[in-house]
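Chemist: Mind having a look at this structure? Questions to follow.
In structure tokens form, the structure reads like this:
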């Protein structure tokens, strides 16, 4: 028998929290209790038997009579759940260093904490009142005994963590070091190794480290590797950063075939694909097709034939008002150790660089678990496309990779991306 959970409303605006008095104790209103204003739900916080719904009230004034969030902790008449939930909404401040050697980045394998057993950038929490640029140098010295020189801030990233109700503000710096040997903090760091960025980004569990490494990849000039492009994009985007929708090709846009799609006559759009792409185009999303084409690597399809297939796809989509920004192709076979074959993130890294994409706001849509893994590697949200039979076939792998959503076809995936109309 499933036990029902208590639901509470965490109502806050401008640092003021709405509470109600219950037998001398101030608590959150329960979801079943009426409050004297409308509100919009923003997020949910899971505390086991208690589900706290964070909501934003629609008010035309500043509610001075509510509780200031900073005053709650010193009061003995405030419910413990209120204090816990308010505390959890305070961002944790972390500073980490992307220490670069050539095109490689130094990563550490954690012994404890959220990243236990995974690779991360060296760094850690800021001490009280400590500037992030000071904290990162201190933390790196404590963790690996290295003296670093900072070369600039890659970015400041706000991210949640899977299974945790808290958020972190991550300061990621580019740095260098002359040290070649490292003294590892025994109870915290298991190993320290250099990795190419495309490998390191796939090894970490930390969302803001993924975004930081994407920004590091953007800075490399020339880039560490080149990927095959169709040539639609004449030059890299100079506009503001924005979301990109990365689309796998076979099984998402067009119907796959036994023995590969080998000529333009074999290319057949799947039901809902053109409509879904048109919806995304109208909404202003940048669209990048990212496709493994190992038939080219096995010499089953010449490069010029693949180009003709894509020219047919492009012209057919243009007739329906769909604009593809670029097509990125891995032409290597399945045994190749290249950076671009999904689940490796090389195609997505190149597209993000070219299109000035924001990976935290981007989406990867594919019909293979490797598509999900490639999207998650750069910190994008992911949608697995497939009917019930396909989902059942890959149920075990999907349980492990945990895509953001499942969709029957590209039209449904587009509706998920665009949200409620």
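Residue numbers (this note's numbering): 40 to 460.
Even glycine gets a Cβ: it sits at the ideal position worked out from N, Cα and C.
Since the model is a prediction, treat every value here as computed from it, not as a measurement.
Within 10 angstroms of its Cβ, does residue 44 collect 16 or more other Cβ (buried), or is it exposed?
Modeler: Note on residue 44: under 16 other CB atoms within 10 angstroms of its CB, so exposed under the neighbour-count rule.
Chemist: Are the CB atoms of residue 421 and residue 398 nearer to each other than 8 angstroms?
Modeler: no
Chemist: May I ask you to report which of helix, strand or coil DSSP gives residue 399?
Modeler: helix
Chemist: Any idea if residue 302 is buried or exposed, counting beta-carbon neighbours within 10 angstroms, 16 or more meaning buried?
Modeler: exposed
Chemist: Determine which residues share a DSSP beta bridge with residue 208 and list them.
Modeler: According to DSSP, which records beta bridges pairwise, residue 208 is partnered with 132 and 197.
Chemist: So is residue 354 buried or exposed if we call it buried at 16+ other beta carbons inside 10 Å?
Modeler: exposed
Chemist: When the Cβ atoms of the segment 424 to 434 are set against those of the segment 273 to 285, are three or more pairs found closer than 8 angstroms?
Modeler: Using a Cβ-Cβ distance cut-off of 8 angstroms, the segment 424 to 434 and the segment 273 to 285 are not in contact, since fewer than three pairs of beta carbons, one from each stretch, lie closer than that value.
Chemist: Should residue 449 and residue 315 be called a contact, given that it needs their Cβ atoms to be closer than 8 angstroms?
Modeler: yes
Chemist: Between the alpha carbons of residue 344 and residue 50, how many angstroms are there, rounded?
Modeler: 59 angstroms
Chemist: Classify residue 169 as helix, strand or coil using the three-state DSSP reduction.
Modeler: coil
Chemist: Just to confirm my understanding: we take residue 191, look at its own chain, exclude 5 residues before and 5 after, and list those with CB closer than 6 angstroms. What are they?
Modeler: 213
Chemist: Three-state secondary structure (DSSP) at residue 250?
Modeler: DSSP places residue 250 within a helical segment (H, G or I) once states are collapsed to three.
Chemist: In the structure shown, what three-state DSSP assignment does residue 17 receive?
Modeler: Since the first residue of the chain shown is 40 and the last is 460, residue 17 is not available in this structure.
Chemist: With distance defined between alpha-carbon atoms, name the residue in 290, 298 and 276 nearest to residue 312.
Modeler: 290
Chemist: Output needed for residue 269: all residues of its chain with C-beta closer than 6 angstroms, excluding positions within five of it in sequence on either side, in chain order.
Modeler: 349 and 366
Chemist: Would you identify the three-state DSSP class for residue 413, choosing helix, strand or coil?
Modeler: helix
Chemist: Under the rule that 16 or more other beta-carbon atoms within 10 Å means buried, what is residue 342, buried or exposed?
Modeler: exposed
Chemist: In or out: residue 374 buried (at least 16 other Cβ within 10 Å) or exposed?
Modeler: Sixteen is the threshold: since fewer than 16 other Cβ atoms of the shown chains lie within 10 Å of the Cβ of residue 374, the residue is exposed.
Chemist: Please classify residue 59 as buried or exposed, where buried requires at least 16 neighbouring CB atoms within 10 angstroms.
Modeler: exposed
Chemist: For residue 187 and residue 176, which I take to be in contact (beta-carbon distance under 8 angstroms), what is that distance rounded to the nearest angstrom?
Modeler: 6 angstroms
Chemist: Residue 210 and residue 134 - do their beta-carbons sit closer together than 8 angstroms?
Modeler: yes
Chemist: Under the rule that 16 or more other beta-carbon atoms within 10 Å means buried, what is residue 197, buried or exposed?
Modeler: Flag for residue 197 reads exposed.
Chemist: If we count Cβ pairs, one from each stretch, closer than 8 angstroms, do we get three or more for the segment 78 to 94 versus the segment 131 to 147?
Modeler: no
Chemist: Mind checking which residues open and close the alpha helix (DSSP H) that includes residue 47?
Modeler: Per DSSP, residue 47 belongs to no alpha helix (DSSP H); it is in the beta strand (DSSP E), 45 to 52.
Chemist: Using C-beta distances below 7 angstroms, list every residue in its chain close to residue 236, excluding the 5 sequence neighbours before and after it, in chain order.
Modeler: 142, 144, 252, 255, 256 and 263
Chemist: Can you tell me where the beta strand (DSSP E) holding residue 37 begins and where it ends?
Modeler: In the structure displayed, the chain extends from 40 to 460; residue 37 sits before or after that span and is not available.
Chemist: Could you tell me the alpha carbon to alpha carbon distance between residue 271 and residue 361, rounded to whole angstroms?
Modeler: Each residue's alpha carbon lies about 13 angstroms from the other.
Chemist: Could you check which residue in 414, 393 and 334 has the C-alpha nearest to that of residue 277?
Modeler: 393
Chemist: Fully enclosed by the segment 269 to 345, which beta strand (DSSP E) runs are 3 residues long or longer?
Modeler: 283 to 286 and 325 to 331
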